[in-house]
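Structure record follows, encoded as structure tokens.
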Amino acid sequence: MSTALTEGGLRQMRPGSVSADNPSGLASPDVALGSVLADNPPEADAVGLYVHVPFCAKRCGYCSFNTAPLDDGAMARYLEALQREIDLLGALAWSPRVRLATVFLGGGTPSLLTAADLAATLDRIRARFTVTVDAEITVECNPESVTREKLEGYHAAGVNRLSLGVQSLDDSILPRLGRLHDARGARAAFEAAREAGCVNLSVDLMYGLPGLDLDGWTRAVDAVLDWRPDHLSAYGLTLDAGSLWGAAGVDGLPTEQTQLDQYWRLAHAATVQGLEHYEISNYARPGFRSRHNQIYWHAAEYLAAGPGACGFIGRARYANVKATPRYCDALAGGDLPVASVEHLSPRQRLAERLILGLRTADGIPATWLETRIGGDRHLRRRIETWRTQALLVDTGDRIRLTEAGFLLSDALFVELL
Ligand code: SF4
């Protein structure tokens, strides 16, 4: 869902997509930039692929993602362009040696895709790339846009993981967010996914919402945990630039202390239910960590397709043009729709690895942190303070943040940049 490395902390982090406020997505595609992919072969032989679906039935008040209403014909034009992009990516000289270990369709609302359109997209990906037999293939779904039949079609097309955007189970809060489902619809979508054969099912929730008190949050957490999801993502509301609420503000936000209480309530309840808190905002049953998101957190490589999607290949981070019409025009002209490229210096790359790795319960190799510290005595003292305050702990040859450290990670990460 959002992208900037400096966001850190408890904020949503989905580096594959460009948020509306990211200026890199505003530029026009550049043919020369498109060659960055040809010139930067991946270092790994297996990478991920993020596919951005840039449409929603309605814009949520808090949302800053790259999405627009679904106009007549827009989906067909987008799908045609996407197939061209997949073809161009697959035709890169290094593509035959690279396998796709994960495919993640995010948005926007990917579940606006019909089962037939989704199957055609996955078929095109398989025709142009070697997709590993055990590849994790995820689709983000909104409850109101799925049925058992559609999800059976997704399953038949090879989708083996669904991420359901529930966000809240409070029927007085959901319309205020701009969501189109109610609590009953969220539960029905979850059950439809199970009935359709989904054995790897994730639920997204949000806390810190206007009108959400601790009791209401506790009820939502307990209800969702009763559903027995395999994975749970929970993000605190942020008023991002580019969102309606970021521009106009919103009333009724809970206090910072209530938001912290909500964070801890979930962390405790999820752990009691046997879910591992494996990343700041993510919990999983054993064996059900999101493999695609772990590519981001390991600062590993992934391709991107779709308007505004961001990828990281070789040493280059790149972003596609954000506006869907211009994205389609670039591909109609035979060009990859790359709008911006950043080549990371070794120091930037190390900082990314540290910050992303410290978001996870596995942490980072101690040697990475030692390399970053070097002769920086101020940073060494800060890290010793974090250890003393039990924000950071050593586990063998690795270092990780504690639960309390997760909460303060924004401040910690700033020091590491
Ligand atoms: S459904 Fe998701 S992507 Fe679409 S507007 Fe709402 S939060 Fe944003």
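Following our numbering from start to finish, the sequence shown increments by one per residue and tops out at 1608. Cβ atoms here follow ideal geometry from the backbone N, Cα and C, with glycine treated the same way. If you're wondering where the values come from, they're calculated on a predicted model, not measured in any experiment.
In whole angstroms, what is the alpha-carbon distance linking residue i and residue j?
i: L1603; j: L1494; result: 29 Å
i: L1261; j: L1527; result: 23 Å
i: T1515; j: D1452; result: 40 Å
i: I1364; j: P1401; result: 7 Å
i: D1362; j: A1461; result: 23 Å
i: Q1539; j: W1408; result: 38 Å
i: V1238; j: R1370; result: 33 Å
i: D1442; j: H1483; result: 35 Å
i: P1301; j: R1250; result: 14 Å
i: A1507; j: P1233; result: 9 Å
i: V1178; j: R1572; result: Nothing can be reported for residue 1178: it is not among the residues displayed for the chain, which extend from 1192 to 1608.
i: R1591; j: L1466; result: 19 Å
i: I1471; j: A1552; result: 8 Å
i: A1458; j: R1290; result: 35 Å
i: L1224; j: D1278; result: 18 Å
i: D1588; j: G1554; result: 10 Å
i: Y1345; j: A1306; result: 5 Å
i: N1231; j: G1525; result: 20 Å
i: A1530; j: C1519; result: 13 Å
i: V1476; j: R1315; result: The displayed chain sequence assigns Arg, not Val, to residue 1476. So the alpha carbons of these two residues sit roughly 32 Å apart.
i: Y1474; j: A1235; result: 27 Å
i: A1259; j: T1338; result: 23 Å
i: V1532; j: K1513; result: 14 Å
i: L1280; j: R1419; result: 38 Å
i: S1286; j: F1320; result: 7 Å
i: L1296; j: C1389; result: 16 Å
i: A1265; j: S1600; result: 40 Å
i: V1412; j: G1299; result: 24 Å
i: S1434; j: R1367; result: 14 Å
i: R1517; j: V1350; result: 29 Å
i: A1227; j: A1542; result: Before going on, a small fix: residue 1227 reads as Val here, not Ala. Straight-line Cα distance between these residues: approximately 22 Å.
Who does residue i pair with in a DSSP beta bridge?
i: A1237; result: R1290
i: C1247; result: P1260
i: C1501; result: A1510
i: M1397; result: Y1426
i: F1320; result: BP columns for F1320 are empty, so no partner.
Quick test of your reading: residue i and residue j, contact by CB under 8 Å. State the CB separation rounded to the nearest angstrom.
i: L1560; j: E1606; result: That belief does not hold up - the Cβ atoms of L1560 and E1606 are roughly 11 Å apart, past 8 Å.
i: G1566; j: W1488; result: Contact flag wrong, Cβ pair sits at about 28 Å.
i: Y1398; j: A1425; result: 6 Å
i: L1342; j: A1383; result: 6 Å
i: A1523; j: V1242; result: That pair is no contact at about 19 Å.
Measure from the C-beta of residue i to each C-beta in chain D and report whether the shortest distance is under 7 Å.
i: A1500; result: Protein chains in the displayed structure number just one, and chain D is not present.
So does the region 1272–1280 actually touch the region 1307–1322, counting three or more Cβ pairs closer than 8 Å? yes
Counting Cβ pairs, one atom from each stretch, are 3 or more of them under 8 Å apart for the region 1371–1388 and the region 1432–1442? no
Touching by the beta-carbon criterion (3+ pairs, under 8 Å), the region 1349–1356 and the region 1387–1402: yes
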